[in-house]
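The listed protein sequences derive, respectively, from chains A and B.
With the working numbering, letter number 241 in the first sequence gets 241, and the count goes up by one each step, no holes.
Counting from 1 along the second sequence, just add 1000 to a position and that's the residue number in the working numbering.
For every residue, glycine included, the Cβ atom is placed at its ideal position computed from N, Cα and C.
Keep in mind the model is a prediction, meaning the values are calculated, not measured.
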Amino acid sequence: MEKRSPLATFGLYAAAISACAILLFPIYWMIVTALQPATNLRSYPPQFWPAAPQWNVFGDILAKHPYAMWFMNSILIALATMIMSLAVSILAAYALSRFRLKGGTGLGLFILTSKMLPATLMIIPLFAIFKSVGLVGSLWSVVIAQATLIVPFCTWMLKGYFDTIPPELEQAALVDGCSPLGTIFRIVLPVAAPGLAATALYAFVVSWSDFLFGRTFLTTNDENWTLQMGIASLKGEFVTEWNVIMAGSLMASVPIIIVYLFLERFLVGGLAAGSEK
Amino acid sequence: MATVEFEHIKKNYGGVEAISDFNLHIEDGEFCVFVGPSGCGKSTALKMLAGLEATSGGTIQIGGRDVTELGPGKRDIAMVFQNYALYPHMSVRKNIGFGLKMAGMPADAINSRVEEAARVLELTPYLDRKPRALSGGQRQRVALGRAIVREPKAFLMDEPLSNLDAKLRVQTRSEIVKLQKRLGVTTIYVTHDQTEALTMADKIVVMRGGLIQQIGSAEDLFHSPKNIFVAGFIGSPGMNFFHGRVETGARGPVTRFGGQEIALPDHCASVVGRDMVFGIRPEHIRVGDSGPHVGLSLVENLGTEKILHFHTPGENVLELDRTVMANDEERDAQTMLIRVIDDHRYNDGDTLSLAFPVDKIHVFHPDTHEVAR
């Protein structure tokens, strides 16, 4: 391999550091904003670190707002969406990967196409359906709406992963006396664990970040508000305490950051798995 | 242990007939090898026996029981796959014991059976390793262990040696044969390698295009092939073929090779005046003092033996479809081979006199490709 010149190495590191700085700056600015009084936010020149950081803002938000309830609702929705999406997409992806169905390729592409539909396009029909079955205001409305968006992509992610598992593994299990469903649970899913972790993480993150569906279906029931709805409600008509909003947003990011740090290796492996033959 | 019976088995994929009217009886404890070129239907036949492919017609019996409609797990068979198909998330111990666990055997009994199988296959030190920590040969032995531990009625093996290097392949080949003889379990083995078939099998089934070409022992197939395909497929290098007209000579039927008379078997008297296809194996051609003269076009020295190439005389060149000539794809139809084991130093361009022993000449009908008797 040809050795890189010092100038090229410098350029590469400079580009990487610049990219990291651009990506991390919003998080850094959230921290700076959260830690200084709202009155300082528009001061010039801007302060890149507050002279007297106000750490009590994190305690205040928990004390003055039902933050814990919003957090719990978001966790419930994200977990339920993740489980529901995985349950459906595992079986769909397995069928698309393993069975030679007439029109199977077309069906697979149709499923993927449904992912291309913007969420806003689906809101009105979904609202009409949920209203008719009495789900508006219920956490299930957001879970089901999220799943309709997440399942198609999860199906394709998992199909790509299942395609890399040799069918002989399942055939061996069948000969060993395993039932067809048993081969999925005993052989295919354990072997596809990295792909499942990546898919589960994707479903959790997408669902956790939802604002649109929550705002549409849960507005009438403030006991079921999600974290994103709660944080948005902190913006007042005349006064907005940006430091409180940023503190809430930072705390909302923590679960995702922690999960990312733990599963990053699986996530990258899972996303790349389908690309190899 | 059990007999295996295929009766009028068919397999269609849409409009394509992959296997037609497959009939075969395998004796209890027999080692039967399905051999043939890629796409001949040998793996499909094995998968139908395993229950991994549905049949399109006919019945399959194992131990006298009709298993045609039964799932793979209910046929009491064990299968070894080309790519080992070991469960990567399980240890060697769990891989070997998986079938017993599925059968509902108590954990203690599973453990003792697994340890016994591991002892036989010299896998004891590796029982708690994952398959990825094993070499190719060890993985193959785990796959064998998974098969033998269940004490099934039949072993099914789908090209189990293909992924091993040449040396390990030869070693594992003999280990499988010894194991099969020791256990006495009916074994059906699929390979495209005719050397494996000849060295391992009690019974060989040669297939082509979904049809059985010949069933017999290695000796039967080698010495009495039923058609040009089998004659060309079995043996390495394959049989030489040439074309000629049967004439009446002074001492019986003859044909001409490079203008000189070659004696033919007596049964050729019935086809005097007809064009026929003649076959002779490279090791049966003798280099002598009289007989047709040929010039060597290439000498391949393989150490103990030499393969001598010469051009088939123009009037004897046989125009046969490549698919009929079977696996010897590198063979030029206009070239014949001689296999010699001697200390003589042969060079390209040398002229030799050849003798074709009459009892080693095979005669085939050019239109049906069947042997003439």
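Counting along the chain, residue 1279 (chain B) sits inside the beta strand (DSSP E) bounded by residues 1275-1280. Going by beta carbons, residue 195 (chain A) and residue 160 (chain A) fall inside the 9 angstroms limit. Residue 1077 (chain B) belongs to the set of residues whose beta carbon lies under 9 angstroms from a beta carbon in chain A.
Close CB contacts of residue 1261 (chain B) within its chain, under the 7 angstroms cut and outside five residues either way in sequence, are with 1249, 1254 (chain order). By DSSP's assignment, residue 1011 (chain B) forms a beta bridge with B:1019.
Shown in chain order are the members of the region 162-184 of chain A whose Cβ falls below 7 angstroms from a Cβ of chain B: 166, 168, 169, 171, 172, 174, 175, 176, 177, 178. Rounded to the nearest whole angstrom, the CA to CA distance from residue 176 (chain A) to residue 1128 (chain B) is 20 angstroms.
At a cut-off of 9 angstroms, the C-beta of residue 190 (chain A) has a neighbouring C-beta in chain B. Using a C-beta cut-off of 8 angstroms, the region 1187-1205 of chain B makes contact with the region 1157-1172 of chain B, since at least three inter-stretch Cβ pairs fall below that distance. When Cβ-Cβ separations below 9 angstroms define contact, residue 1226 (chain B) makes no contact with chain A. Contact with chain A is absent for residue 1357 (chain B), since none of that chain's Cβ atoms lies less than 9 angstroms from the residue's Cβ. Contact annotation: residue 206 (chain A) and residue 81 (chain A) have beta-carbon atoms nearer than 9 angstroms. Shortest Cα-Cα distance from residue 165 (chain A) to any of A:248, A:252, A:187 involves A:187. At least one CB atom of chain B sits nearer than 9 angstroms to the CB of residue 193 (chain A). Contacts between residue 90 (chain A) and chain B, judged by CB atoms closer than 7 angstroms, are missing: the closest CB pair is about 16 angstroms apart.
Comparing alpha carbon positions, the residue from A:117, A:131, A:74, A:141 closest to residue 256 (chain A) is A:74.
Contacts with chain A (Cβ-Cβ distance below 7 angstroms) from the region 1147-1165 of chain B involve no residue at all. Between residue 1145 (chain B) and residue 1177 (chain B), the C-beta gap is not smaller than 9 angstroms, which leaves the two residues out of contact. Secondary structure at residue 1292 (chain B): strand, using DSSP grouped into helix, strand and coil.
For residue 1002 (chain B), no beta strand (DSSP E) run applies, since DSSP gives it neither H nor E.
With fewer than 16 neighbouring CB atoms inside 10 Å of its own CB, residue 185 (chain A) falls in the exposed class. Looking at the DSSP output, residue 1189 (chain B) sits in a beta bridge with B:1033, B:1157. By the beta-carbon neighbour count (other beta carbons within 10 angstroms, threshold 16), residue 70 (chain A) is buried. Look at residue 1042 (chain B): its C-beta is not under 9 angstroms from any C-beta on chain A. For the set A:37, A:100, A:65, A:25, the Cα lying nearest the Cα of residue 231 (chain A) is the one of A:65. A straight-line Cα-Cα distance of about 19 angstroms links residue 89 (chain A) and residue 167 (chain A). Judged by DSSP in its simplified three-state form, residue 1042 (chain B) adopts helix.
With a cutoff of 9 angstroms on beta-carbon distance, residue 85 (chain A) and residue 199 (chain A) are scored as near each other. Going by DSSP, residue 1338 (chain B) is part of no alpha helix (DSSP H) but of the beta strand (DSSP E) stretching over 1335-1340. The contact set of residue 187 (chain A) on chain B, defined by CB atoms closer than 7 angstroms, consists of 1087 in chain order.
When beta bridges are read from the DSSP output, residue 1301 (chain B) appears opposite B:1306.
As for any beta strand (DSSP E) of minimum length 3 sitting wholly inside the region 1219-1272 of chain B, the runs are 1240-1245, 1247-1249, 1252-1257, 1260-1263, ordered along the chain. Between the region 1062-1079 of chain B and the region 1227-1236 of chain B, the count of C-beta pairs closer than 8 angstroms stays below three; the two stretches do not touch. Cβ-Cβ separation between residue 1308 (chain B) and residue 1341 (chain B): approximately 12 angstroms, too far for a contact (criterion under 8 angstroms).
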